[in-house]
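To convert, take the position in the sequence shown, counting from 1, and add 715; that gives this note's numbering.
For every residue, glycine included, the Cβ atom is placed at its ideal position computed from N, Cα and C.
Take a look at the structure below.
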Amino acid sequence: LFSGEGFFINRISGVGIFFVTSLGAIVQRNLKEGEQWIVDNGHLVAWTCSYTIERSGGGFISGMHAKEGLVCRFTGPGTILIQTRNPESLSAWIAGQRPG
716 LFSGEGFFIN RISGVGIFFV TSLGAIVQRN LKEGEQWIVD NGHLVAWTCS
766 YTIERSGGGF ISGMHAKEGL VCRFTGPGTI LIQTRNPESL SAWIAGQRPG
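Structure (structure tokens):
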């Protein structure tokens, strides 16, 4: 588990229609050749471009004391689908809506 969220990848291939769900809306980002985009792993839905996984935040000391997670650095060409909410922020929002 990274930054309180699971980071499991399912690979889908073939011809046809594929449906995905998300927390919040899905935003599509189309990357041009060589263009890079960094996304927190809690907001990822799907992608077609190459990526590397990196630790967010500062160095060793901040890593010991700060709440850090992982991010994915995507490099185009390709498409990234990003959800507008992550599990942690959705839980916080729901908790804030409860009466009393």
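Beta-carbon contacts of Gln798 that lie in its chain and below 7 Å, excluding the five residues immediately before and after
Indexing the sequence shown from 1 puts residue 798 at position 83. Sequence-distant Cβ neighbours of Gln798 in its own chain, meaning closer than 7 Å and more than five residues away, are Ser737, Leu738, Gly739, Ile741, His758 and Val760.
Taking Leu785 as the reference, which of Pro792, Pro802, Asn756 and Asn725 has the closest Cα?
Here residue 785 refers to the residue found at position 70 of the sequence shown. When Pro792, Pro802, Asn756 and Asn725 are compared, the shortest CA-CA separation from Leu785 is found for Asn756.
Three-way DSSP call (helix, strand, coil) for Ser765 in this model
Residue 765 sits at position 50 when you count from the first residue of the sequence shown. Here Ser765 sits in strand by DSSP.
Within this structure, are the beta carbons of Thr670 and Asn745 separated by less than 9 Å?
Outside the shown range of the chain (716 to 815) lies residue 670, about which nothing can therefore be said.
As assigned by DSSP and simplified to three states, the class of Asn801
If you number the sequence shown from 1, residue 801 lands on position 86. DSSP places Asn801 outside both helix and strand once states are collapsed to three, so it counts as coil.
Where does the unbroken beta strand (DSSP E) through Ile753 begin, and where does it stop?
Indexing the sequence shown from 1 puts residue 753 at position 38. Gln751 to Asp755 is the span of the beta strand (DSSP E), which, as asked, contains Ile753.
Could you tell me the alpha carbon to alpha carbon distance between Ala807 and Pro792, rounded to whole angstroms?
Residue 807 sits at position 92 when you count from the first residue of the sequence shown. Residue 792 sits at position 77 when you count from the first residue of the sequence shown. Inter-residue distance for Ala807 and Pro792 is about 35 Å (C-alpha atoms, whole angstroms).
Is Ile724 helix, strand or coil when you go by DSSP?
By 1-based counting over the sequence shown, the position of residue 724 is 9. In the structure shown, Ile724 sits in coil (DSSP, three-state: anything other than H, G, I, E or B).
Collapsed DSSP secondary structure at Ile732 in the structure displayed
Position 17 of the sequence shown holds residue 732. Coil.
Measure the CB-CB distance between Gln751 and Arg726 and report whether it falls below 9 Å.
In the sequence shown, counting from the first residue as 1, residue 751 sits at position 36. In the sequence shown, counting from the first residue as 1, residue 726 sits at position 11. With contacts defined as CB atoms closer than 9 Å, Gln751 and Arg726 fail to qualify as a contacting pair.
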